[in-house]
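Per our numbering, the very first residue in the sequence shown carries number 51; after that it's consecutive. Built from N, CA and C at the ideal position, the CB exists for glycine as well. Inspection log for the structure reproduced underneath, given as structure tokens.
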Amino acid sequence: MDTILILTILVVIFALAFDFINGFHDTANAIATSVSTRALPPRVAVLLAAVMNFIGAITFVGVAKAIAKDIVDPFALNATADDTTGTIVILAALLSAITWNLLTWYFGIPSSSSHTLIGSIAGAAIAAAGFSILNYGGFTNILIGLIASPFLALAIGFLFMSIFKVLFKNLNLYRTNKGFRSVQIVTAAIQSFTHGTNDAQKAMGIITMALIAAGLQTTDEVQDWVRVACAIAMGLGTSIGGYKIIKTVGGKIMKIRPVNGVAADLASASIIFGATVIHLPVSTTHVISSAIMGVGSAQRVKGVKWGVARKIVLTWLITMPISAVMAGIIFLVLNLFF
Numbered sequence: 051m052d053t054i055l056i057l058t059i060l061v062v063i064f065a066l067a068f069d070f071i072n073g074f075h076d077t078a079n080a081i082a083t084s085v086s087t088r089a090l091p092p093r094v095a096v097l098l099a100a101v102m103n104f105i106g107a108i109t110f111v112g113v114a115k116a117i118a119k120d121i122v123d124p125f126a127l128n129a130t131a132d133d134t135t136g137t138i139v140i141l142a143a144l145l146s147a148i149t150w151n152l153l154t155w156y157f158g159i160p161s162s163s164s165h166t167l168i169g170s171i172a173g174a175a176i177a178a179a180g181f182s183i184l185n186y187g188g189f190t191n192i193l194i195g196l197i198a199s200p201f202l203a204l205a206i207g208f209l210f211m212s213i214f215k216v217l218f219k220n221l222n223l224y225r226t227n228k229g230f231r232s233v234q235i236v237t238a239a240i241q242s243f244t245h246g247t248n249d250a251q252k253a254m255g256i257i258t259m260a261l262i263a264a265g266l267q268t269t270d271e272v273q274d275w276v277r278v279a280c281a282i283a284m285g286l287g288t289s290i291g292g293y294k295i296i297k298t299v300g301g302k303i304m305k306i307r308p309v310n311g312v313a314a315d316l317a318s319a320s321i322i323f324g325a326t327v328i329h330l331p332v333s334t335t336h337v338i339s340s341a342i343m344g345v346g347s348a349q350r351v352k353g354v355k356w357g358v359a360r361k362i363v364l365t366w367l368i369t370m371p372i373s374a375v376m377a378g379i380i381f382l383v384l385n386l387f388f
């Protein structure tokens with residue numbers, strides 16, 4: 051078996067591992083509010099998220115194509131280096147992203163799987179072929195989406211909660227909470243579906259990128275087996291659940307009531323699905339955490355625990371550069387052996 055085929059198989063294995071880890075790392079994003087308000091028991095919420103993540107993952111491929119060609123052109127990478135360099139770049143990026151995801155999961159920090167993957171791809175590619183290898187047009191669009199989406203989620207979360215306050219101000223609090231708990235089951239399902247439409251696409255894009263770099267396909271089309279394998283990996287990962295991060299997202303940012311959960315779910319789901327439709331990868335972690343902050347601000351600014359929010363934002367800011375450096379170092383090490 052030749053080296054490039056071995057490396058490609060490793061990329062597929064680690065891409066599915068990344069998707070699996072992404073599933074339990076980001077489970078909290080979709081279900082934290084419904085668990086914290088007791089709309090759903092944790093086990094039921096995780097199972098719901100797993101099923102809806104799977105359905106969302108096999109429904110769309112636009113984000114996968116963006117990951118495959120908009121950060122680094124796999125055809126250009128293959129053309130500017132020897133036969134194995136492109137595949138080593140992708141393997142290094144995956145190893146870096148998996149390492150960062152596991153570290154932040156262990157410490158219960160809701161960092162961005164999207165940021166770490168995109169930063170890792172860029173860092174490994176730069177280590178291989180210099181800054182000129184980046185597809186600056188596509189990379190800039192992705193960065194704009196990553197930066198803008200949390201602010202949009204913050205604003206829409208604030209707007210939704212403000213509307214709810216006006217619409218339901220005269221209703222009995224107990225009855226309102228009971229009604230919104232029921233609605234949260236639906237919004238948690240919607241949230242999980244949109245999560246699958248965006249996050250699972252990233253591993254699909256990585257595998258597609260590896261297949262192109264290895265010369266095993268000549269277009270950016272996502273093969274059916276790639277779609278199904280990634281959807282299964284994310285669904286299985288989600289079924290394990292990330293309870294440490296659920297605790298942070300669902301309770302440490304603010305005290306969440308059912309009405310808050312519905313507003314946050316609807317706000318974040320609309321941003322994530324909108325990004326999927328226009329083929330932009332976004333950080334579901336950023337979007338959902340920001341939506342919760344926006345909802346909390348609409349209710350009472352002091353009710354948001356901004357100290358925890360600052361720590362989360364700091365992690366967001368350092369994820370991409372740290373991942374890029376890690377991926378560059380891993381590429382240089384792997385390049386010594388292959």
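For residue i, tell me which candidate among the options has the shortest Cα-Cα distance.
i    : options                   : result
E271 : L90, S86, I54 and K115    : K115
G399 : I117, A374 and A281       : No statement about residue 399 is possible, as the shown extent of the chain runs from 51 to 388 and does not include it.
A238 : I59, L90 and I71          : L90
A198 : V96, T365, A325 and I168  : A325
G188 : I168, A203 and L204       : I168
I54  : F218, D133, A107 and P124 : D133
I342 : S86, I140 and A67         : S86
F125 : A80, A264, V94 and D274   : A264
T190 : V332, G229 and V276       : V332
T58  : L261, S212, L286 and V327 : L261
T109 : T244, Y156, L316 and L266 : T244
N72  : L286, K361 and I213       : L286
D268 : L97, M102 and K119        : Per the sequence presented here, residue 268 reads as Thr, with Asp not at that position. Comparing Cα positions, the closest option is K119.
L382 : I63, I140, I56 and Q273   : I140
M102 : A250, L266 and W275       : A250
L193 : L97, I372 and S164        : S164
L145 : I63, I368 and A179        : I63
I372 : L97, D52, T149 and A179   : T149
P92  : S182, H336 and I290       : I290
K361 : S182, I159 and D274       : I159
I56  : L266, L97 and A279        : L266
Return yes when the Cβ of residue j is within less than 8 Å of the Cβ of residue i, no when it is not.
i    : j    : result
M284 : D69  : yes
N385 : V345 : no
V113 : K252 : yes
F389 : A281 : For residue 389 there is no data in the structure shown, the boundaries of the chain being 51 and 388.
L330 : G246 : no
A313 : G173 : no
A99  : T288 : yes
A177 : I240 : no
A80  : S339 : no
A147 : T166 : yes
V111 : I257 : no
I321 : A203 : yes
N227 : R307 : yes
A317 : G207 : yes
D123 : Q234 : no
Assign residue i to one of two classes, buried (16 or more other C-beta atoms within 10 Å of its C-beta) or exposed (fewer than that).
i    : result
N248 : buried
I380 : buried
L153 : exposed
I411 : What the structure shows of the chain is the stretch from 51 to 388, and residue 411 is not part of that stretch, so it cannot be assessed.
N151 : buried
L184 : buried
S347 : buried
R231 : buried
F201 : exposed
G106 : buried
T334 : buried
I213 : exposed
W155 : buried
V276 : buried
V216 : exposed
Between residue i and residue j, which are expected to be in contact by the criterion C-beta below 8 Å, what is the C-beta distance as a whole number of angstroms?
i    : j    : result
F323 : I138 : That pair is no contact at about 35 Å.
S396 : W366 : Residue 396 lies beyond the stretch modelled for the chain, which goes from 51 to 388, so this question has no answer here.
A95  : S84  : 5 Å
M211 : Q349 : 6 Å
A377 : A205 : The Cβ separation is near 33 Å, so there is no contact.
Considering only residues of the region 122 to 190, which uninterrupted alpha helix (DSSP H) runs meet the minimum length of 4 residues and lie entirely inside it, listed in chain order?
124 to 129, 135 to 156 and 163 to 179
Threshold first: 3 residues or longer. Then list the beta strand (DSSP E) segments lying entirely within the region 235 to 323, N to C.
none
Can you check the region 66 to 121 for any alpha helix (DSSP H) of at least 4 residues that lies completely inside it and give the ranges in chain order?
92 to 107 and 112 to 119
Alpha helix (DSSP H) runs wholly inside the region 323 to 377, at least 4 long, in chain order
334 to 349
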